[in-house]
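J.: Numbering (our numbering), first residue to last: 487 to 1022.
The following block contains the structure, expressed as structure tokens.
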């Protein structure tokens, strides 16, 4: 959750890396400007491999706050998302806030620790093979230096009244994790210090005070085991990356990875209620430009080998932005991930579920929430984009098309994930909150032609999956119902049946000795296709 990234961005257009990426994108833009008779071609060869597919895209996913993770429906949805989308880590706020009952002091001011809420949450995560990306925050109120809080659940955002007691808390917590889960398991975790300390709403201190908090925290984590990973600064708008690395290098403070955040809207502020209005940025390198620039900042720093994790990202930073529910979101996410390429170690989509209470419990089924799924477990179009990504094979094939991935697996199955991203938002004249709640038919973009050479001969099953306007498009199904304020069971079932992610087309295919395959599909704005050829 953050506000306008514009106030924090560096002038990335002047970077040669970004300029070269922008030129490539501009050269490939011509297709989107053609008429419906245009043919976009994806040509690949079964034997021309690029290397192992980098699946950084589902390395991590976000969640609202730790206490929500104790709900049965939250856990059920995460298990479903893990199965379909393959997420390996999860990051959430509020691990140390009062509703997790972690810390208090006796009448003499001596600390008391309790992990009876954290333990069942982390036990559950590990039981479904999801590791914690541990965000250390916010401040337990008995340890806080002030009473400033954020969100409906009142996370205290003030520095500790005693930095030594904070260090002792982190030491005790990490020791507890070690005793419960073992050193080898905890070595695979990430410990991130705080959330968006460059925003007054999230940190009631200065940059200097955040660096002090980080120094004490890193000392605590490394004091338990020097191989445990610690990092930050978890800033909004890709801020403080050079400053963070410089501080650690000059003061001999441990740092194993850099984290920061970026969102694709261009106005607004920290706005959990969505009252200010947001506008999707027309900049073709929104979000991805920040990521590329962060990597460049690391490479030119005193510690150039650091991992880079974007621990929050999406099209918009408010949980009241209907673009999150729209079919446009699926293509947007794929476009940004493809642009990022190999510059990030993970891109943690914010978040996996609308069970998310920064502004308090929500009152309508579709409200522009951050989630891949609604509170009632309805899968949005962007959910299907992530499930399609998870179906890709382990080996990436050479492919010159900038808006697709082509891969194969060990069995010789081929998977082609292709999309059109067209930013149809009219610009500053209208907010997302007005535009994306409408019925928005997609215009024709011509044909998409798939050609594969040198395939092994034999029998295959062709499966085509899709999301787009009125195809696995849960919001438009909800719109057709009149956007009711509540959904009954039959209505939920009806929407689920229209957005279940099943193949939209299947066919038995025989590949002859010439090894060639081709298929042509109708393409519309913001369509997403997954084409699978499975060997029989």
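Beta carbons are placed, not taken as given, at the ideal position from N, Cα and C, and that holds for glycine.
Sorted by chain position, which residues of the same chain lie with C-beta nearer than 7 Å to residue 927's C-beta, five sequence neighbours on each side aside?
T.: Correct list, in chain order: 955.
J.: At which residues does the alpha helix (DSSP H) containing residue 876 begin and terminate?
T.: Where residue 876 is concerned, the enclosing alpha helix (DSSP H) stretches over 867-876.
J.: Report buried or exposed for residue 851, applying the criterion of at least 16 other Cβ atoms within 10 angstroms of its Cβ.
T.: Buried is the call here.
J.: If you run the structure through DSSP and keep just helix, strand and coil, what is residue 830?
T.: Of the three classes helix, strand and coil, the one that applies to residue 830 here is coil, per DSSP.
J.: Could you spell out where the beta strand (DSSP E) holding residue 719 opens and where it closes?
T.: Unbroken beta strand (DSSP E) run through residue 719: 715-721.
J.: So, helix, strand or coil for residue 529, using DSSP?
T.: Of the three classes helix, strand and coil, the one that applies to residue 529 here is strand, per DSSP.
J.: Tell me whether residue 781 sits in a helix, a strand or coil according to DSSP, three-state version.
T.: The answer is helix: DSSP assigns residue 781 an H, G or I state.
J.: Alpha carbon to alpha carbon, how far is residue 781 from residue 894? Give it in angstroms, no decimals.
T.: Their Cα atoms are separated by approximately 29 Å.
J.: Do residue 953 and residue 772 come within 9 Å of each other at the CB atom, strictly closer than that value?
T.: Cβ atoms of residue 772 and residue 953: not closer than 9 Å.
J.: Compute the distance between the beta-carbons of residue 727 and residue 744, then report whether it is under 9 Å.
T.: Yes; because the gap between Cβ atoms is below 9 Å, this pair is in contact.
J.: Counting only the same chain and skipping the five closest in sequence on each side, list residues whose C-beta sits under 8 Å from that of residue 531.
T.: Closer than 8 Å at the Cβ level, and outside the excluded window around residue 531, lie 883, 884, 938, 939 and 940.
J.: Am I right that residue 574 and residue 616 are in contact with their C-beta atoms under 8 Å? What's the rounded C-beta distance?
T.: Sure, about 7 Å apart at Cβ, within 8 Å.
J.: Residues in the same chain with beta-carbon distance under 8 Å from residue 553, minus the five sequence neighbours each way, listed in chain order, please.
T.: Only 580, 583, 585, 586, 603 and 639 meet the Cβ criterion.
J.: Excluding the 5 residues flanking residue 741 on each side, which residues of the same chain have their C-beta closer than 6 Å to its C-beta?
T.: Answer for residue 741: 717 and 734, listed in chain order.
J.: Specify the secondary structure class of residue 616 as computed by DSSP and reduced to three states.
T.: Residue state, collapsed to three classes: coil.
J.: In three-state DSSP terms, what is residue 543?
T.: It is helical.
J.: Taking its Cβ as the centre, do 16 or more other Cβ atoms sit within 10 Å of residue 1005, making it buried, or is it exposed?
T.: Answer is buried; the Cβ neighbour count reaches 16.
J.: Have a look at the DSSP bridge pairing and note the partners of residue 1018.
T.: DSSP output for residue 1018 lists 901 and 949 as bridge partner(s).
J.: Compute the Euclidean distance between the alpha carbons of residue 1009 and residue 962, then round it to the nearest angstrom.
T.: Spanning the two alpha carbons is a distance of roughly 19 Å.
J.: Using only alpha-carbon positions, find the residue among 701, 736, 676 and 700 that is nearest to residue 714.
T.: The shortest C-alpha separation from residue 714 is found at 676.
J.: Identify whether residue 555 lies in helix, strand or coil by the three-state DSSP scheme.
T.: Three-state result, residue 555: helix.
J.: Between the Cα of residue 801 and the Cα atoms of 811, 778, 660 and 569, which residue gives the shortest distance?
T.: Taking only the C-alpha atoms, the option nearest residue 801 is 811.
J.: Beta carbon of residue 720, beta carbon of residue 681: below 9 Å?
T.: Yes, Cβ-Cβ distance for residue 720 and residue 681 is below 9 Å.
J.: Quick one: what does DSSP say residue 795 is sitting in, helix, strand or coil?
T.: If DSSP states are grouped into helix, strand and coil, residue 795 belongs with the strands.
J.: How long is the line joining the alpha carbons of residue 799 and residue 570, rounded to whole angstroms?
T.: Distance between the alpha carbons of residue 799 and residue 570 is about 20 Å.
J.: Where residue 598 and residue 609 are concerned, what is the direct C-alpha to C-alpha distance, given to the nearest angstrom?
T.: For residue 598 and residue 609, the distance between alpha carbons rounds to 22 Å.
J.: On a Cα-Cα basis, can you pick out the residue from 839, 751, 879 and 847 that is closest to residue 560?
T.: Selected option, being the one with the closest Cα: 839.
J.: So residue 679 and residue 607 are supposed to be a Cβ contact under 8 Å. How far apart are they, rounded?
T.: Contact flag wrong, Cβ pair sits at about 20 Å.
J.: Taking the alpha carbon of residue 578 as the reference point, which residue from 555, 596 and 592 has its own alpha carbon closest?
T.: Taking only the C-alpha atoms, the option nearest residue 578 is 555.
J.: Please report the distance separating the alpha-carbon of residue 858 from that of residue 970.
T.: Distance between the alpha carbons of residue 858 and residue 970 is about 20 Å.
J.: Give the DSSP-derived three-state secondary structure of residue 938 in the structure shown.
T.: Note: residue 938 maps to strand in three-state DSSP.
J.: Report all residues from its chain with a CB closer than 7 Å to the CB of residue 862; omit the five preceding and five following residues, and keep chain order.
T.: Cβ neighbours of residue 862 beyond the five flanking positions: 851, 973 and 978.
J.: Tell me which same chain residues have a C-beta within less than 8 Å of the C-beta of residue 605, skipping the five on either side of it?
T.: Counting only Cβ-Cβ distances below 8 Å, and skipping sequence neighbours, we find 666.
J.: How many angstroms separate the CA atom of residue 514 from the CA atom of residue 824?
T.: Its pLDDT being 43, under 50, residue 514 is placed unreliably by the model, and nothing is read from it.
J.: With a 10 Å radius around its C-beta and 16 neighbouring C-beta atoms as the bar for buried, classify residue 490 as buried or exposed.
T.: Summary for residue 490: the model assigns pLDDT 41, below 50, so the residue's position carries little reliability; its value from the coordinates is reported in the next sentence. Its Cβ being crowded by 16 or more others within 10 Å, residue 490 is buried.
J.: Using a Cβ-Cβ cutoff of less than 6 Å, which residues in the same chain neighbour residue 704 once the five nearest sequence positions on both sides are dropped?
T.: Within the same chain, residue 704 has close Cβ partners 716, 739 and 740.
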